[in-house]
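K.L.:
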Amino acid sequence: MLITFRAAIIKEFRLLTRDVHGVGLLFLLPLAFILIMSLALQDAFASRAGKGLEVVVMDLDRTTDSEQLIERLNTHQAFQISHAEQSDLETALKDSDAMFAISVPEGYGDTILDAGSEADPVYVLVSPNADKRTEMIFVSAIRESLGRHKVDAMLSAIEDSGGDEDAFDSEALDTPVTINYAFTASSDSPPSSVQQNVPAWLVFAIFFVAIPFSNTFITERNLGVQRRLLTTRMGPFAQFAGKLVPYFALNMLQVALMFAAGAFLVPLLGGDALQLRGSPIALILLSACISLAALSLALVISVMAGTSEQATLTSGIGNIVLAALGGVMVPRFIMPQSMQKLSDISPMAWGLDGYLELLLRDGELGDILSQLVKLCVFSCIMLGIAVFMHRRSTAL
Amino acid sequence: MDWTIKQALGISQKGPMAVRIMLRSDTIISISGLAHCYDLNADYALKGIDLDIVRGSCLGLLGPNGAGKSTLINILNGVIPLQQGEIRLNGDSAKVTQKQLRRTSSIAPQELAFYPRLTVQENLSFFGGAFGLSGASYRAQEDQAVSVCKLASLMKRPAGRISGGEKRRLNLAIALLNDPDVLFLDEPTVGIDSQSRRTILDAIIDINRDGKTIVYTSHYMEEVETICDHVAIIADGRIVLNSPISRLIHQSETPRARISVTSPIDETHQQLLSGMQMEMLTPRELSIVVTNSADLSSILAKLHQIGLTIDRVSYGNGKLDDVYHDAIRWAESTQC
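Protein chains in written order, with the working numbering: chain S, 1 to 396; chain E, 397 to 732.
So this is what it looks like as structure tokens:
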């Protein structure tokens, strides 16, 4: 078994090295996409797109003043307020689907009428995938709530002082709101387009390998090698594994080179540098699972396709459809809800969600567990189908 | 005709066309009642094949396209699972498994079944691994195959860039790697020049001399005459003729007449013809030693006298091509 397995791997590596142009394309195509899309969408991503109107609130003040502010925010139908159970605002944002998080600091009631106070009345945290327009609407809503709250407080103060105008400080009406960006190297800058595009096109690149991979079986079938191999000790598992291992290695090389391109090449061309954040182990595991899913899908296509044209078209068109559905071409957060639900069926979406969780939200292994499980289950099902179909096609 | 003659001619007691060659103790593959159907709604591709392949022999398996040769070879190679009938190896009473068949045999398919982008050496190395060979055992087998197929000077060259004849030799060399007891060669000389054909035929003769059993399919009758000692002709899923080649073609100085008749020659007819030097080729065809044309006239008169209607007569030193076409024609005429 080991001898046949080793022979199959060596043969596949040798065949790969004899097709320099084909292998080169596997790197150049996604690299071109990453460079073009990252640079072209640089400005668009500066005012990131987004959908979420859910707001997580952390009330550290716990006074009537803070409760009134939250109540006022809640009256805005555009926002859905939920209270954070976590102690850390960034964790609260990460654990929820919210686009924004607000912390009402202790002593909020005292600072709201203090014109001399340099402290912000509230602390706002914006998720990386919230767009600029929503952000501005949100900020306006907070300003309005804060302003109304201040007016109410001032009127109440005037009333309490018996109409003394000195008790009214007009400067106190200014309600500054500072925006902070979550999960970025510096909290005052939003995530760049490269941070979104590299993982997206990397997932596409990993699945793109399906095209040459699926053709290897067809070529062998056309050459008569498949039939000849049936007379040897090399069973379907050794044949499959012999192909999967070299292409898996190729995928891992793609991951390394695409991340390197995002980190080093894009900045040279005037774009922002990719920041590799999140757990490195999780990043490696996720990349491995995406590769396995892509290769197992390619295996099914190669076993089922009758001709090279069929395999190429099925892999190519399938890749594009999965990419479009999975948020590679069109970010999922700007899709309508129904499309977002539909995109959940794409393994590319699972992979991309995982990468975004890691790269945009500093995710850990636990944060992408559901994506890893989905990808692994998908791979197992596809491998099972491939083995079944292969056996059926060879048992004439 | 008594049973010993029938046996010698490969005609069984089961019926006029259930042909069977001799049952010898040195049989390497014994097939009985082998039938195969690809599709429940389709006709049988093989319809009760009985055949013994003698160890160390070179059997020419002939037949028109679609006759069932490839199906038979694929079953004997363990590529297609056995549906009906029995295959036994080396006289063993136990039925053989697909895995046993694969380990006993090897095939050089008609297609050039290797990787054109790999070198000759890399192809041999891969298929050696596929046969489970490694280290010294692989090197020994590789040396042997390279030597027999004269590939030593081509080892570093990409397989896709060598000549057609050299590709055929590589195709054969790969089949030799697992040191098979039985080697199936499916038209190994198709599409190559005469010099390359000669090289391959010489290699096959050498392999056969080394004791390997060979099952050889080809449409080139002169090749079969040159290298095979037995011939089995298959048509419409049945073996219509199975005989040592020496009995079918007459390379001796004695001229023979091959006479086909319209109805089967039964035991009574054979008794009436017992004084002649004759051999039954098929139930409707016989071969008779003829010394001159007057002799031939009297033979034909005698056949007419005992109630047989002459269909066709050929006279002279027989050729396998004639035998083949006669057998196929006979098979077609008996299809109902």
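C-beta: ideal position from N, C-alpha, C; glycine also.
Closest Cβ-Cβ distance between residue 703 of chain E and chain S: below 8 Å?
P.N.:
To locate residue 703 of chain E, count along the second sequence from 1; it is residue 307. No Cβ of chain S is located within less than 8 Å of the beta carbon of residue 703 of chain E.
K.L.:
Mind reading off the beta-carbon distance from residue 210 of chain S to residue 319 of chain S? Whole number of angstroms is fine, and I expect it under 8 Å.
P.N.:
Residue 210 of chain S sits at position 210 when you count from the first residue of the first sequence. Residue 319 of chain S sits at position 319 when you count from the first residue of the first sequence. Yes, residue 210 of chain S and residue 319 of chain S are in contact; Cβ-Cβ is about 6 Å, under 8 Å.
K.L.:
Is DSSP giving residue 647 of chain E helix, strand or coil here?
P.N.:
As a first step, residue 647 of chain E must be located in the second sequence, where it is residue number 251. With a pLDDT of 47 at residue 647 of chain E, under the threshold of 50, the modelled position of this residue cannot be trusted; read the value that follows with caution. Correct three-state label for residue 647 of chain E: coil.
K.L.:
Answer with yes or no whether the minimum CB distance from residue 323 of chain S to chain E is below 8 Å.
P.N.:
Walking along the first sequence from the start, residue 323 of chain S turns up at place 323. So, not an interface residue.
K.L.:
Would you mind working out which of S:282, S:311, S:245 sits nearest residue 364 of chain S, comparing C-alpha positions?
P.N.:
Start at 1 with the first residue of the first sequence, and residue 364 of chain S comes out as number 364. It is S:282 whose Cα lies nearest to the Cα of residue 364 of chain S.
K.L.:
Given this structure, state the Cα-to-Cα distance separating residue 389 of chain S from residue 475 of chain E, to the nearest angstrom.
P.N.:
Position 389 of the first sequence, counted from the first residue, corresponds to residue 389 of chain S. Position 79 of the second sequence, counted from the first residue, corresponds to residue 475 of chain E. If you take the alpha carbons of residue 389 of chain S and residue 475 of chain E, they lie about 16 Å apart.
K.L.:
Does the region 537-556 of chain E touch the region 266-273 of chain S, meaning 3 or more C-beta pairs lie closer than 8 Å?
P.N.:
With a cut-off of 8 Å, the region 537-556 of chain E and the region 266-273 of chain S do not count as touching, because too few Cβ pairs lie within range.
K.L.:
In terms of DSSP beta bridges, what is residue 583 of chain E paired with?
P.N.:
Position 187 of the second sequence holds residue 583 of chain E. In DSSP, residue 583 of chain E forms no bridge with anything.
K.L.:
Would you call residue 62 of chain S buried or exposed, if buried means 16 or more other Cβ atoms sit within 10 Å of its Cβ?
P.N.:
Translated into the one-based positions of the first sequence, residue 62 of chain S becomes position 62. The residue is exposed, with fewer than 16 neighbouring Cβ atoms inside 10 Å.
K.L.:
Establish whether the CB of residue 657 of chain E and some CB of chain S are separated by less than 8 Å.
P.N.:
Residue numbering aside, residue 657 of chain E sits at position 261 when the second sequence is read from its first letter. The beta carbon of residue 657 of chain E does not come within 8 Å of any beta carbon belonging to chain S, so the residue lies off that interface.
K.L.:
Which residue's Cα is closest to the Cα of residue 222 of chain S: E:467, E:507, E:465?
P.N.:
Against the first sequence, residue 222 of chain S aligns to sequence position 222. Measuring from the Cα of residue 222 of chain S, the nearest candidate turns out to be E:507.
K.L.:
Does the Cβ of residue 368 of chain S have 16 or more other Cβ atoms within 10 Å, making it buried, or fewer, making it exposed?
P.N.:
Locating residue 368 of chain S in the first sequence gives position 368, where the first residue counts as 1. Answer is buried; the Cβ neighbour count reaches 16.
K.L.:
Between residue 24 of chain S and residue 17 of chain S, what straight-line distance do the alpha-carbon atoms span, to the nearest angstrom?
P.N.:
Within the first sequence, numbered from 1, the residue matching residue 24 of chain S stands at position 24. Within the first sequence, numbered from 1, the residue matching residue 17 of chain S stands at position 17. In a straight line, the C-alpha of residue 24 of chain S is about 10 Å away from that of residue 17 of chain S.
K.L.:
Residue 482 of chain E: buried (16+ other C-beta within 10 angstroms of its C-beta) or exposed?
P.N.:
In the second sequence, counting from the first residue as 1, residue 482 of chain E sits at position 86. Looking at its Cβ environment, which holds fewer than 16 other Cβ atoms inside 10 Å, residue 482 of chain E is exposed.
K.L.:
Taking residue 359 of chain S as the reference, which of S:57, S:145, S:286 has the closest Cα?
P.N.:
On the first sequence, position 359 is the one that residue 359 of chain S refers to. Nearest C-alpha to residue 359 of chain S: S:286.
K.L.:
Give me the DSSP bridge partner(s) of residue 554 of chain E.
P.N.:
Your numbering for residue 554 of chain E matches position 158 in the second sequence. The partner list for residue 554 of chain E (beta bridge, DSSP) reads E:515.
K.L.:
Alpha carbon to alpha carbon, how far is residue 246 of chain S from residue 9 of chain S?
P.N.:
Reading the first sequence from its first residue, position 246 is the one you call residue 246 of chain S. Reading the first sequence from its first residue, position 9 is the one you call residue 9 of chain S. Near 7 Å, if we compare the C-alpha coordinates of residue 9 of chain S and residue 246 of chain S.
K.L.:
Do the CB positions of residue 103 of chain S and residue 126 of chain S come within less than 8 Å of each other?
P.N.:
Counted from its first residue, the first sequence places residue 103 of chain S at position 103. Counted from its first residue, the first sequence places residue 126 of chain S at position 126. Contact: no.
K.L.:
State the Cα-Cα distance for the pair residue 486 of chain E and residue 605 of chain E, rounded to the nearest angstrom.
P.N.:
Here the question's residue 486 of chain E lines up with position 90 in the second sequence. Here the question's residue 605 of chain E lines up with position 209 in the second sequence. Whole-angstrom Cα-Cα distance: 19 Å.
K.L.:
Out of S:303, S:195, S:53, state which residue places its alpha-carbon closest to the alpha-carbon of residue 258 of chain S.
P.N.:
Position 258 of the first sequence, counted from the start, is the residue given in the question as residue 258 of chain S. Nearest of S:303, S:195, S:53 to residue 258 of chain S, Cα basis: S:195.
K.L.:
May I have a chain-ordered list of the alpha helix (DSSP H) segments no shorter than 4 residues that lie completely inside the region 460-511 of chain E?
P.N.:
465-472, 494-500, all fully within the region 460-511 of chain E.
K.L.:
If we call anything under 8 Å between Cβ atoms a contact, is residue 663 of chain E one with residue 614 of chain E?
P.N.:
Counted from its first residue, the second sequence places residue 663 of chain E at position 267. Counted from its first residue, the second sequence places residue 614 of chain E at position 218. Cβ atoms of residue 663 of chain E and residue 614 of chain E: not closer than 8 Å.
K.L.:
Is residue 679 of chain E near the ligand FMN, with its Cβ less than 7 Å from a heavy atom?
P.N.:
As for the ligand FMN, it is missing from this structure, which has no ligand bound.
K.L.:
Determine the direct distance from the alpha carbon of residue 680 of chain E to that of residue 226 of chain S, and round the result to whole angstroms.
P.N.:
Along the first sequence, read from residue 1 onward, the residue named residue 226 of chain S stands at position 226. Along the second sequence, read from residue 1 onward, the residue named residue 680 of chain E stands at position 284. The straight-line gap separating the alpha-carbon atoms of residue 226 of chain S and residue 680 of chain E is approximately 44 Å.
K.L.:
Going along chain S, which residues have a C-beta under 7 Å from residue 505 of chain E?
P.N.:
Taking the second sequence and counting its residues from 1, one reaches residue 505 of chain E at position 109. Within chain S, the residues whose beta carbon sits less than 7 Å from that of residue 505 of chain E are 224, 227, 228, listed in sequence order.
K.L.:
Going along the region 517-534 of chain E in order, which residues come within less than 8 Å of chain S, judged by CB to CB distance?
P.N.:
518, 521, 522, 523, 524, 525, 526, 527, 528, 529, 530
K.L.:
For the region 654-732 of chain E, which segments carrying the alpha helix (DSSP H) assignment without a break, of at least 4 residues, lie completely within its bounds, in sequence order?
P.N.:
Listed in chain order, the complete alpha helix (DSSP H) runs (minimum 4 residues) inside the region 654-732 of chain E are 663-668, 689-701, 716-730.
K.L.:
Under a Cβ-count criterion, where at least 16 other Cβ atoms within 10 Å of its own Cβ denotes burial, should residue 151 of chain S be classed as buried or exposed?
P.N.:
Residue numbering aside, residue 151 of chain S sits at position 151 when the first sequence is read from its first letter. By the neighbour-count criterion, in which a residue is buried when 16 or more other Cβ atoms sit within 10 angstroms of its Cβ, residue 151 of chain S is exposed.
K.L.:
Name, please, each residue of chain S whose Cβ falls closer than 7 Å to the Cβ of residue 475 of chain E.
P.N.:
The count along the second sequence starts at 1 and reaches residue 475 of chain E at position 79. Result: 227, 230, 231.
K.L.:
When you compare the CB of residue 244 of chain S with every CB in chain E, is at least one pair closer than 8 Å?
P.N.:
Counting from 1 along the first sequence, the entry for residue 244 of chain S is found at position 244. So, not an interface residue.
K.L.:
Skipping 5 residues on each side, what residues in its chain have a beta carbon closer than 7 Å to that of residue 339 of chain S?
P.N.:
For this step, residue 339 of chain S is matched to residue 339 along the first sequence. Answer for residue 339 of chain S: no residue qualifies.
K.L.:
Looking at chain E, which residues of the region 15-27 of chain S have a Cβ within less than 7 Å of any of its Cβ atoms?
P.N.:
15, 18
K.L.:
Could you tell me whether the Cβ of residue 391 of chain S comes closer than 8 Å to any Cβ of chain E?
P.N.:
On the first sequence, residue 391 of chain S is found 391 positions in, with the first residue counted as 1. With 8 Å as the cut-off, residue 391 of chain S does not count as an interface residue toward chain E.
K.L.:
Compare the C-beta of residue 221 of chain S against all C-beta atoms of chain E and say whether one is closer than 8 Å.
P.N.:
Within the first sequence, residue 221 of chain S is the residue found at index 221, counting from 1. Cβ-Cβ to chain E under 8 Å: no for residue 221 of chain S.
K.L.:
Unbroken alpha helix (DSSP H) runs of length 4 or more, entirely within the region 201-288 of chain S: which are they?
P.N.:
210-223, 225-229, 236-260
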